[in-house]
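Working notes for the structure below.
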Amino acid sequence: MRGRLARIAVRLGSSLLLMFAGVAAHAAGAPAKPCDASTVDAILQRAYPRHAAPDHIDRRRVVCAARPAQTWLAVPLMAQALNAPDEGFRNGDLELLVADPTSHRLIARLRLKNRMDEDAIEVERLSFERKAYDLAAGTRAVGLRIERANRSRISPLGETTLSLVVLDGDRLKLVLDGLVVAQHNGEIDGPCKARFTNIERRPALSSSRFHGMANLDIAEITTIRYRSQGPGGACRELRSERSTRRRTMVYDGRRYPVPVNWQPLK
Numbered sequence: 000m001r002g003r004l005a006r007i008a009v010r011l012g013s014s015l016l017l018m019f020a021g022v023a024a025h026a027a028g029a030p031a032k033p034c035d036a037s038t039v040d041a042i043l044q045r046a047y048p049r050h051a052a053p054d055h056i057d058r059r060r061v062v063c064a065a066r067p068a069q070t071w072l073a074v075p076l077m078a079q080a081l082n083a084p085d086e087g088f089r090n091g092d093l094e095l096l097v098a099d100p101t102s103h104r105l106i107a108r109l110r111l112k113n114r115m116d117e118d119a120i121e122v123e124r125l126s127f128e129r130k131a132y133d134l135a136a137g138t139r140a141v142g143l144r145i146e147r148a149n150r151s152r153i154s155p156l157g158e159t160t161l162s163l164v165v166l167d168g169d170r171l172k173l174v175l176d177g178l179v180v181a182q183h184n185g186e187i188d189g190p191c192k193a194r195f196t197n198i199e200r201r202p203a204l205s206s207s208r209f210h211g212m213a214n215l216d217i218a219e220i221t222t223i224r225y226r227s228q229g230p231g232g233a234c235r236e237l238r239s240e241r242s243t244r245r246r247t248m249v250y251d252g253r254r255y256p257v258p259v260n261w262q263p264l265k
């Protein structure tokens, strides 16, 4: 009887060892998650060693995008405020990092100067676009959006810019730098009287090419709304106007030049 129990115990122990070994092997072979917190923190530590990081990393606003075998990060690097903190004037750059999600090795980086500067107009949101832009065979761009707005109730203002970045070997190339794809402003006079303008620009890849890169067809949609005071003092919308126009942006061999009136506010 004791011998039989001993044999059962041995078999049970062997089974448990095999089970735990299988779990460990599965965990060791599990693919890295490109945008989980531990991966992002490890990449940031690799990119900014403590002794070489005088800039303040605004960790709350770091954004991540997962691409095949790559982790893309947009990292706000904020300097000290030039004025009193309550005045809201801050200077900062934005650095783009591409890294291997498993080894955390940096593949490429690109620092965009003054891209995070804030005064009356603040950076509200950073985001990578989910879709990719296949500009040419073997040339895929990643879209980065920056949303800005002021806090005025009388003259609200905001804009969203789109930049396209291409990974070329161990370099990042900015092929589209700050196209305003959304813009809104308002003029409010009193409790009701107001005029609101909203502009949206929708880029799409064209079948036509120049310098080997697809042209960008832009549909610009402008909507203007007028509001006034109606009977009984209630606010009501008087009318709205909507117009659409189209324009094509062409690659000049280095980038897609952005027309002056489509560039962000300075």
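Numbering (numbering that gives the first Met the number 0), first residue to last: 0 to 265. Beta carbons are placed, not taken as given, at the ideal position from N, Cα and C, and that holds for glycine. This one's a predicted model, so the numbers in the text were calculated from it and none came from an experiment.
Cutoff 6 Å; reference residue i; Cβ partners in own chain excluding five residues on either side
| i | result |
| --- | --- |
| Asn82 | In this predicted model, Asn82 has a pLDDT of only 46, less than 50, meaning its place in the structure is not dependable; the value taken from the coordinates is given anyway. Phe88, listed in sequence order. |
| Ile198 | Gln182, Thr221 |
| Val257 | Leu178 |
| Lys112 | Asp92 |
| Ala65 | Pro33, Cys34 |
| Gly252 | His210 |
| Tyr250 | Phe209, His210, Met212 |
| Asp118 | Phe88 |
| Arg194 | Glu186, Tyr225 |
| Arg201 | Ala218 |
| Arg246 | Ile217 |
| Ser205 | Ala213, Asn214, Asp216 |
Buried/exposed call for residue i, threshold 16 Cβ in 10 Å
| i | result |
| --- | --- |
| Ala233 | exposed |
| Glu236 | exposed |
| Glu94 | buried |
| Glu158 | buried |
| Gly168 | exposed |
| Tyr225 | exposed |
| Ala24 | For Ala24, the predicted structure reports a pLDDT of 36, less than 50, and the residue's modelled location is therefore unreliable. The matter cannot be settled from this model. |
| Ala73 | buried |
| Leu166 | buried |
| Ala272 | This structure gives no information on residue 272, because the portion of the chain shown stretches from 0 to 265. |
Span separating the alpha-carbon of residue i from that of residue j
| i | j | result |
| --- | --- | --- |
| Arg244 | Ala218 | 6 Å |
| Cys34 | Cys63 | 6 Å |
| Val259 | Met77 | 27 Å |
| Trp261 | Thr160 | 9 Å |
| Ser37 | Lys192 | 51 Å |
| Gln69 | Leu109 | 15 Å |
| Glu146 | Tyr255 | 21 Å |
| Arg114 | Asp176 | 11 Å |
| Ala107 | Gly229 | 58 Å |
| Arg139 | Gly189 | 49 Å |
| Ser154 | Val180 | 20 Å |
| Val141 | Arg129 | 8 Å |
| Ser242 | Thr196 | 12 Å |
7 Å CB neighbourhood of residue i in its chain, flanking five on each side removed
| i | result |
| --- | --- |
| Ser207 | Asn214 |
| Pro135 | The residue asked about is misnamed: residue 135 is Ala in this sequence, not Pro. Gly211, Met212, Ala213, listed in sequence order. |
| Met248 | Asn214, Leu215, Ile217, Tyr255 |
| Ser227 | Cys191, Lys192, Arg235, Leu237 |
| Gly21 | The predicted model places Gly21 with a pLDDT of 41, which falls under 50 and marks its position as unreliable; any figure quoted below should be read in that light. Counting only Cβ-Cβ distances below 7 Å, and skipping sequence neighbours, we find nothing. |
| Ile42 | Thr70, Leu72, Leu96, Ala98, His103 |
Distance between beta carbons of residue j and residue i, contact taken as under 8 Å
| i | j | result |
| --- | --- | --- |
| Ser162 | Leu173 | 6 Å |
| Asp116 | Asn149 | The Cβ separation is near 14 Å, so there is no contact. |
| Val61 | Pro48 | About 17 Å separates the two Cβ atoms, so there is no contact after all. |
| Asn184 | Leu156 | 5 Å |
| Leu264 | Ile56 | The Cβ separation is near 26 Å, so there is no contact. |
Beta-carbon contacts of residue i that lie in its chain and below 8 Å, excluding the five residues immediately before and after
| i | result |
| --- | --- |
| Arg45 | Ala98, His103, Arg104, Leu105 |
| Ser239 | Thr222, Ile223, Arg224, Tyr225 |
| Arg152 | Ile187 |
Looking at C-beta atoms only, is the number of pairs between the region 96-103 and the region 123-139 that lie closer than 8 Å three or more? no
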